[in-house]
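Just so we're on the same page, our numbering is the position in the sequence shown counted from 1, plus 280.
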Amino acid sequence: MDATSSSQAASIATAFALFPYPAALLAPDSSVLAANPAFLKLLAAEADCINRQVCDVFSCTTHCKDDLSGRVQDAITEALQKKEPSQFRVASTVFGEGDGDTGSAQWLFTHSPILNDVGGVTLILQTCFQVLSIGEIVGLEDTTGGNPVDEHARPNVEPTRRTVPNSDHASGLLSNDERTRMRLVFDQAPGFMAILVGPSLTYDVVNKAYYQLVGHRDLVGRPVREALPELAGQGYFELLDEVASKKEPFVGHEMEVRFQRTPNSPLEQIFIDLLFQPILEPDGTFIGIFIQGHDVTGRVHAQKALNESNERWRVAVEGSRDGVWDWNVLTNEVIYSKRWKEILGYDESELQDRFSTWRELLHPEDRDVVLEKMNTAARDDVPFHVEYRLKCKDGSWKWVLSRGIVVARDDRTALRLAGTMSDISGKKESEEAIWRHASFDALTGLPNRRLFRDRLEQEIKNAERSRTSMAVMFIDLDRFKEVNDLLGHDAGDRLLKEASARLRSCIRASDTVARLGGDEFTVILPDLSDNAHLEQVAEKIIHFISLPFQVNGDAAYISASIGITVYPRDAKDAEELIRNADQAMYAAKNAGRSRLRFFTRAMQKDAQMRLRLARDLRSALSKRQLHAFFQPIVDLKTNSIVKAEALLRWEHPTRGWISPTLFIPLAEETGLIHSIGDWILGEAVAYSKKWTKHLGRPFEISVNRSPVEFMVGSSDFAWRHIFADGGLDGCGISVEITEGVLLNASSHVAETLLQFRDAGIHVALDDFGTGYSSMSYLLNLHIDYLKIDQSFVRDIVNNRGSQTIAETMIVMAHRLGMKVIAEGVENQEQAAFLREASCDFGQGYLFERPLPATKFEELLESGPIAVLQEAASTPKPRTSVHRRDDGSLVGI
281 MDATSSSQAA
291 SIATAFALFP
301 YPAALLAPDS
311 SVLAANPAFL
321 KLLAAEADCI
331 NRQVCDVFSC
341 TTHCKDDLSG
351 RVQDAITEAL
361 QKKEPSQFRV
371 ASTVFGEGDG
381 DTGSAQWLFT
391 HSPILNDVGG
401 VTLILQTCFQ
411 VLSIGEIVGL
421 EDTTGGNPVD
431 EHARPNVEPT
441 RRTVPNSDHA
451 SGLLSNDERT
461 RMRLVFDQAP
471 GFMAILVGPS
481 LTYDVVNKAY
491 YQLVGHRDLV
501 GRPVREALPE
511 LAGQGYFELL
521 DEVASKKEPF
531 VGHEMEVRFQ
541 RTPNSPLEQI
551 FIDLLFQPIL
561 EPDGTFIGIF
571 IQGHDVTGRV
581 HAQKALNESN
591 ERWRVAVEGS
601 RDGVWDWNVL
611 TNEVIYSKRW
621 KEILGYDESE
631 LQDRFSTWRE
641 LLHPEDRDVV
651 LEKMNTAARD
661 DVPFHVEYRL
671 KCKDGSWKWV
681 LSRGIVVARD
691 DRTALRLAGT
701 MSDISGKKES
711 EEAIWRHASF
721 DALTGLPNRR
731 LFRDRLEQEI
741 KNAERSRTSM
751 AVMFIDLDRF
761 KEVNDLLGHD
771 AGDRLLKEAS
781 ARLRSCIRAS
791 DTVARLGGDE
801 FTVILPDLSD
811 NAHLEQVAEK
821 IIHFISLPFQ
831 VNGDAAYISA
841 SIGITVYPRD
851 AKDAEELIRN
861 ADQAMYAAKN
871 AGRSRLRFFT
881 RAMQKDAQMR
891 LRLARDLRSA
901 LSKRQLHAFF
911 QPIVDLKTNS
921 IVKAEALLRW
931 EHPTRGWISP
941 TLFIPLAEET
951 GLIHSIGDWI
961 LGEAVAYSKK
971 WTKHLGRPFE
981 ISVNRSPVEF
991 MVGSSDFAWR
1001 HIFADGGLDG
1011 CGISVEITEG
1021 VLLNASSHVA
1031 ETLLQFRDAG
1041 IHVALDDFGT
1051 GYSSMSYLLN
1061 LHIDYLKIDQ
1071 SFVRDIVNNR
1081 GSQTIAETMI
1091 VMAHRLGMKV
1101 IAEGVENQEQ
1111 AAFLREASCD
1121 FGQGYLFERP
1131 LPATKFEELL
1141 ESGPIAVLQE
1151 AASTPKPRTS
1161 VHRRDDGSLV
1171 GI
């Protein structure tokens, strides 16, 4: 800083003791040149802060709760760049003041540049004054308005002790040079300022803001009573005399004063915040009065208008039965009105007046949205308007509508928000009822066509966004019309309700089942990884719908035909997906009902092949393409072949040997399984008769019977006639069934098994232990053989669990009077363990793979010992092993 600036700063610094509020003089480099006692007291700083960076002083003080150094530096930089005052505000609580009841008290920091003759910044005056923010509203429970109170209430206001050299009072408190420099400082300071000296209280220093307040007239050198005669009768002369006599400061808040600002004009009403501070010699002798204040007329008028608005608002709110809230952002306190608490079922004395109280009552699903809207209102100063749910005292949730606005803020953030809360639970219930009527089926409670379409559109968007697959099922209830016509519409409605419940039980919570109308339903399945889940759900639906419905004491039977389409593989819009699923459903219905069909271009080639195979299968029997193969079943004690299992093979003229896993399901779907089953039974009867005669003892052959064959009783009679026509005693044939047949056993199944027993046909339970059949079926139904599934035999030598299961099965079967056959025996160790466990029979590659009839007959002629020795010494080459959908072995 140059010599001129140093001299200017020294002269100004001598007058700093006159400032009643915190002030500091700064160099352009932000170093402190001077600081008055109020500044040092506010920051709890020492006198050695002179020549330090002002930001360091702020950052090092322990009296300030927040680090304001950054904001101070920003304000100084702005003042230097713009060459005009820069301000910011902070809450009074930052300096440990205030009781937290209101957020309106603030500290106003002003940084005013002092310019030289050429417009350069030579000094910066930093002042800090405590003010009230405009926008404070009257508490809703206090409608008195609250008049300003004149009292000694300002902090850090004390009589100022003169520290400048003594001078002649008549010539003023300051020298001409000091007065000029003080005037320069005063003009940069916020608010109006003046210094009165001597017993007559003569104006010695007056700043620009003071002239603007009282009107431009000559003041300096004139006593106050002479300069402002209009103040007579307003009480201000008496206040000045009292300050001079008592030597105590006076603070007034929003005081009314009337000035005649121009000659011959009427008195103009003005409101001011005012400080009269006595200036004393070190020995206590009165010298003068320092006057400082702010014109708050605009604030008072705004407050009055706000009070009137608040009163009108309060009356309107009370009439509308809304609750009211008032949030102090700085303290996080919220005033909740009595009605606000009543809406939620609380008494007026309940609930703490904290922001956290309201936040904890928010519904978890609404919390994020509501808090975001509240934060947006506080940040952007926009109205707050949101519907959400709050938890009532009784634990229920109530819909409310909250409206609010920012009613006080500083230059950075909102300080207070206030608003209302309306009970809209009745409105929401009405909207819910209307929406449900428009969106849900009245009979079943399922989403209707409209809501299904909306959800489908939404799931398509979700799948596109997440790049996942989803599927649509179209379900038609087969033979529902017959039930409806036979039993009546009431019975039909009850059946539809029960069918809807069964459909819901088959899907996930994230899936949607809807009723389009009549007996047509749809299912939306989002978030799919593959088709396996689709098939499982569809099969589950088919199964549950096929179970009998009890209607009016009668058992009604229907089935479900299901069409399935997948997004985005088949289509990318809702209309096409619905059309594809509908077409696939009709394909399922045309294929025999009670089944599912996919609409998928990726599976189109396979579907065409299955269609051709199904067509070729229809003529395979007549063209002698089907063959009966036989696999030996060995007595583990005598090592002799005691029986065989007949297995079906198809030699296609162009495709060669077709896997049974492909053509057996086709035979079941097309109904060809009945004629094919009769044919394989006829082959088994013929060869059993032939080999019985050849061996001179009964030779039994097992035949697998499909679960589909049990659903149709027409072939049972044909089976019995085959025995009669073949002249074979029934003991030469056994029927193998799976646990699935027993699981869904009806009276028809039990009756069929009894008919087999009466005809001398043995029954073998195949793949035992892999299904879910009840043990009671083993007691109640006629079972002769129990076949241990090869999954248990495979690791029976090394797995203790498999050993225990196998041993338990053998003991249980023997106790129930059944023989035991172990499937999948492949080595001598397995055979030895089973023999030791008293297993009756073994079947597997250790003995022989399935063979054509001629080869099997040669095997029989070779003798039992030779067969076992050959199997043990020469391992047989492995061939393809398959298992039918119903669980029966179909290996080749």
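The beta carbon of each residue, even a glycine, is placed where N, CA and C say it ideally should be.
Item to check | Alpha-carbon to alpha-carbon, H643 and E667 | outcome: Position 387 of the sequence shown holds residue 667. Position 363 of the sequence shown holds residue 643. Cα to Cα, E667 sits roughly 11 Å from H643.
Checklist entry - Do you know how far the Cα of D1047 is from the Cα of I755? => result Working through the sequence shown from its first residue, we reach residue 755 at position 475. Working through the sequence shown from its first residue, we reach residue 1047 at position 767. Spanning the two alpha carbons is a distance of roughly 33 Å.
Next on the checklist: Quick check on this structure: which residue in S899, T700, S968 has the alpha carbon closest to the alpha carbon of A237?
Outcome noted: Residue 237 lies beyond the stretch modelled for the chain, which goes from 281 to 1172, so this question has no answer here.
Checklist entry - With a CB to CB cut of under 6 Å and the five nearest residues on each side skipped, what residues in its chain are close to R780? => result By 1-based counting over the sequence shown, the position of residue 780 is 500. In the sequence as presented, Arg is not what sits at residue 780; that position holds Ser. Here the set comprises T724, L726.
Checklist entry - Helix, strand or coil: how does DSSP classify D381 here? => result Sequence index remark: in the sequence shown, residue 381 carries index 101 (1-based). Per-residue confidence for D381 stands at a pLDDT of 43, beneath the threshold of 50, marking its modelled position as unreliable; the derived number appears in the next sentence. The three-state reading of DSSP puts D381 in coil, since its state is none of H, G, I, E or B.
Item to check | DSSP-derived helix/strand/coil call for S719 | outcome: Counting from 1 along the sequence shown, the entry for residue 719 is found at position 439. Residue state, collapsed to three classes: helix.
Checklist entry - According to DSSP, is E613 helix, strand or coil? => result Your numbering for residue 613 matches position 333 in the sequence shown. In this structure, E613 counts as strand in the three-state DSSP scheme.
Item to check | A582 to H574 span [Cα, whole Å] | outcome: Taking the first residue of the sequence shown as 1, we reach residue 582 at position 302. Taking the first residue of the sequence shown as 1, we reach residue 574 at position 294. Their backbone Cα atoms lie some 15 Å apart in a straight line.
Next on the checklist: Using a Cβ-Cβ cutoff of less than 7 Å, which residues in the same chain neighbour D1075 once the five nearest sequence positions on both sides are dropped?
Outcome noted: Position 795 of the sequence shown, counted from the start, is the residue given in the question as residue 1075. These residues qualify, in order along the chain: S1082.
Checklist entry - Quick check: the segment 616 to 634 against the segment 647 to 661, are there 3 or more CB pairs under 8 Å? => result The segment 616 to 634 is not in contact with the segment 647 to 661.
Next on the checklist: Am I right that L736 and I804 are in contact with their C-beta atoms under 8 Å? What's the rounded C-beta distance?
Outcome noted: Walking along the sequence shown from the start, residue 736 turns up at place 456. Walking along the sequence shown from the start, residue 804 turns up at place 524. That pair is a contact at about 6 Å.
Checklist entry - When you compare only the Cα positions, how much space is there between K1099 and L1059? => result By 1-based counting over the sequence shown, the position of residue 1099 is 819. By 1-based counting over the sequence shown, the position of residue 1059 is 779. When rounded, the distance between both Cα atoms is 14 Å.
Item to check | First and last residue of the uninterrupted beta strand (DSSP E) at S839 | outcome: Here residue 839 corresponds to residue number 559 of the sequence shown, with the count starting at 1. Where S839 is concerned, the enclosing beta strand (DSSP E) stretches over 839 to 847.
Next on the checklist: Helix, strand or coil, according to DSSP, for V680 in the structure here?
Outcome noted: As a first step, residue 680 must be located in the sequence shown, where it is residue number 400. The answer is strand: DSSP assigns V680 an E or B state.
Next on the checklist: Quick test of your reading: K363 and V401, contact by CB under 8 Å. State the CB separation rounded to the nearest angstrom.
Outcome noted: Here residue 363 refers to the residue found at position 83 when the sequence shown is read from its first residue. Here residue 401 refers to the residue found at position 121 when the sequence shown is read from its first residue. By a beta-carbon distance limit of 8 Å, K363 contacts V401. Their separation comes to about 6 Å.
Next on the checklist: Quick check on the burial criterion: 16 or more other C-beta atoms within 10 angstroms. Buried or exposed for H1042?
Outcome noted: Counting from 1 along the sequence shown, the entry for residue 1042 is found at position 762. Buried, by the Cβ-count rule.
Checklist entry - In three-state terms, what does DSSP make of F1048? => result The count along the sequence shown starts at 1 and reaches residue 1048 at position 768. Look at F1048 here: in three-state DSSP terms it is strand.
Next on the checklist: Checking the sheet assignment: what are the DSSP bridge partners for T637?
Outcome noted: Here residue 637 refers to the residue found at position 357 of the sequence shown. Looking at the DSSP assignment, T637 forms no beta bridge with any residue, so it has no partner.
Next on the checklist: Quick check for students: name the residue ranges of the beta strand (DSSP E) that lie wholly in the segment 472 to 548, counting only runs of 3 or more.
Outcome noted: 472 to 477, 482 to 486, 530 to 539
Item to check | Environment of G1122 [buried if 16+ CB atoms lie within 10 Å] | outcome: If you number the sequence shown from 1, residue 1122 lands on position 842. Buried, by the Cβ-count rule.
Next on the checklist: Quick check: is any heavy atom of the ligand FMN less than 7 Å from the C-beta of I567?
Outcome noted: Absent from the structure shown: the ligand FMN. Ligands present: none.
Checklist entry - Taking DSSP as the reference, what is the three-state secondary structure of V580? => result On the sequence shown, residue 580 is found 300 positions in, with the first residue counted as 1. The answer is helix: DSSP assigns V580 an H, G or I state.
Checklist entry - Which class does P1130 belong to by DSSP, given the choice of helix, strand or coil? => result The sequence position of residue 1130 within the sequence shown is 850, counting from 1. Residue state, collapsed to three classes: coil.
Item to check | Three CB pairs or more closer than 8 Å across the segment 690 to 709 and the segment 828 to 838 | outcome: no
Checklist entry - What's the C-alpha gap between S413 and A688? => result Along the sequence shown, one-based indexing puts residue 413 at 133. Along the sequence shown, one-based indexing puts residue 688 at 408. Its pLDDT being 40, under 50, S413 is placed unreliably in this model, and the coordinates cannot settle the point.
Checklist entry - Fully enclosed by the segment 946 to 985, which beta strand (DSSP E) runs are 3 residues long or longer? => result 980 to 984
Item to check | Beta-bridge partners of F338, as assigned by DSSP | outcome: The sequence position of residue 338 within the sequence shown is 58, counting from 1. F338 pairs with nothing; no bridge assigned.
Checklist entry - Three-state secondary structure (DSSP) at Y626? => result Here residue 626 refers to the residue found at position 346 when the sequence shown is read from its first residue. Three-state result, Y626: coil.
Checklist entry - Which value, in whole angstroms, describes the spacing of the CA atoms of A908 and H932? => result For this step, residue 908 is matched to residue 628 along the sequence shown. For this step, residue 932 is matched to residue 652 along the sequence shown. Rounded to whole angstroms, A908 to H932 spans 14 Å at the Cα level.
Item to check | Selected residue, minimal CA-CA separation from S311, among V337, A324, L323, K321 | outcome: In the sequence shown, residue 311 corresponds to position 31, counting from 1. Selected option, being the one with the closest Cα: V337.
Checklist entry - For E561, which of helix, strand or coil comes out of DSSP? => result In the sequence shown, the residue the question calls residue 561 occupies position 281. Of the three classes helix, strand and coil, the one that applies to E561 here is coil, per DSSP.
Checklist entry - Can at least three beta-carbon pairs, one atom from the segment 773 to 791 and one from the segment 868 to 879, be found at a separation below 8 Å? => result no
Checklist entry - With F732 and L796 assumed to form a contact (beta carbons below 8 Å), what rounded beta-carbon distance in angstroms separates them? => result Translated into positions along the sequence shown, residue 732 becomes position 452. Translated into positions along the sequence shown, residue 796 becomes position 516. Yes, F732 and L796 are in contact; Cβ-Cβ is about 7 Å, under 8 Å.
Checklist entry - What is the C-beta distance between I567 and V485, in whole angstroms, given that I count them as a contact (C-beta under 8 Å)? => result On the sequence shown, residue 567 is found 287 positions in, with the first residue counted as 1. On the sequence shown, residue 485 is found 205 positions in, with the first residue counted as 1. Not really, about 13 Å apart at Cβ, beyond 8 Å.
Item to check | Sequence-distant residues of its chain with Cβ nearer than 6 Å to T1084 (five each side left out) | outcome: By 1-based counting over the sequence shown, the position of residue 1084 is 804. Same-chain partners within the cutoff: there are none.
Checklist entry - For the beta strand (DSSP E) that contains A698, what are its first and last residues? => result Locating residue 698 in the sequence shown gives position 418, counting from the first residue. It spans 694 to 703 - the beta strand (DSSP E) in which A698 sits, taken as one unbroken run.
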